[in-house]
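The next block holds one structure in the form of structure tokens; read it before the comments.
2 protein chains.
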Amino acid sequence: MGASNTELFTKRQNEIANIMKALAHPARVAIIDYLLKTEGCICGDIVKVLPLAQPTVSQHLKELKNAELIKGSIEGNAICYCINEKTFLKFQQFLSEFSIKMEKKKSCC
Amino acid sequence: MGASNTELFTKRQNEIANIMKALAHPARVAIIDYLLKTEGCICGDIVKVLPLAQPTVSQHLKELKNAELIKGSIEGNAICYCINEKTFLKFQQFLSEFSIKMEKKKSCC
DNA sequence: AATCTTTATCGTAATATTGCAATATACAAT
DNA sequence: ATTGTATATTGCAATATTACGATAAAGATT
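Chains X and D are the protein sequences, given in the same order.
The first sequence begins at -19 in my numbering and counts up by one.
The second sequence begins at -19 in my numbering and counts up by one.
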């Protein structure tokens, strides 16, 4: 098949999996790193920094945008991509729920 | 190509991406959910709970094990799968680094 | 030893992801 | 209007993922 059957799982499980999937590639982690490190957010600079061709970077940016981890805004001729803090916050909440449950449980083996 | 070029990115970026990839499927999120929710950890119970065939679940468990998010130990005839807290802690550390940087930066657009 | 139970592996089909050259689009500047 | 600059889209090849039936492997039970 190759397609994960989303209907079989909860909305929350699918949401978590989708965010994880968006970050499941080192290039996309590198993009987030870059956006968090520098003042800038210009698409062209991201392309320059990454060791991948422009269309490939564009595709990765699209995936991050689809997952709402970043948002793009037109800046004259260029496009400015920024972290979407809302989604990151949601993600962190999901993960802190994991932590809380882990604290309570403690590994059994 | 279809294979992400890991050599082009930092060890840390690849590590993060690998953990994310392991959790980038709702079935695998569901497995973690289950392990955090119940006392048990028996493979057969996970198979019963998930809406997927036994070989498919086994495959998902293998991926979680490869990413060291869970660890398996033989329990008589059965196998007990448990959360590997060490990797989760590492994951959380990576993410809190993101948070700290996000705090400092604040979205520019 | 024969059988049952539990889990893993193999083989294979369907689909998704990754990467890039070529090309399109869209806005700037001349 | 033409040219340049920045980004997106298309098309395609290579590879990876997902799913499951069939089967294997290994320990438990009779």
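Glycine included, C-beta positions come from ideal geometry on N, C-alpha and C.
Note that this is a predicted model, so its numbers are computed, not measured.
Using only the alpha-carbon positions, how far apart do residue 11 of chain X and residue 53 of chain D sit?
Distance from the CA atom of residue 11 of chain X to the CA atom of residue 53 of chain D, rounded to whole angstroms, is 38 Å.
In or out: residue 30 of chain D buried (at least 16 other Cβ within 10 Å) or exposed?
Note on residue 30 of chain D: 16 or more other CB atoms within 10 angstroms of its CB, so buried under the neighbour-count rule.
Where does residue -10 of chain X land, buried or exposed, given buried means 16+ other C-beta within 10 angstroms?
Its Cβ having fewer than 16 others within 10 Å, residue -10 of chain X is exposed.
Can you check whether the C-beta of residue 13 of chain X is within less than 9 Å of a C-beta belonging to chain D?
Among the CB atoms of chain D, one or more fall inside 9 Å of the CB of residue 13 of chain X.
Using a Cβ-Cβ cut-off of 7 Å (strictly less than) and excluding sequence neighbours within five positions of residue 21 of chain D, which residues of its own chain qualify?
Excluding sequence neighbours, residue 21 of chain D sits near 15, 60, 61 and 62.
Can you say whether residue 4 of chain X is buried or exposed, counting buried as having 16 or more other CB atoms within 10 angstroms of its CB?
Under the 10 Å beta carbon count, residue 4 of chain X is surrounded by 16 or more other beta carbons and is classified as buried.
Looking at residue 47 of chain X and residue 84 of chain X, is the spacing between their C-beta atoms short of 9 Å?
Not closer than 9 Å, so no.
Quick check: what's the CA-CA separation for residue 26 of chain D versus residue 8 of chain X?
So the alpha carbons of these two residues sit roughly 32 Å apart.
In three-state DSSP terms, what is residue 52 of chain D?
Strand at residue 52 of chain D.
For a contact defined as C-beta to C-beta under 7 Å, what are the partners of residue -14 of chain D on chain X?
The contacting residues are 6.
For residue 78 of chain X versus residue -8 of chain X, is the C-beta distance shorter than 9 Å?
No, they are not a contact pair.
Please state the DSSP three-state secondary structure of residue 47 of chain D.
Of the three classes helix, strand and coil, the one that applies to residue 47 of chain D here is coil, per DSSP.
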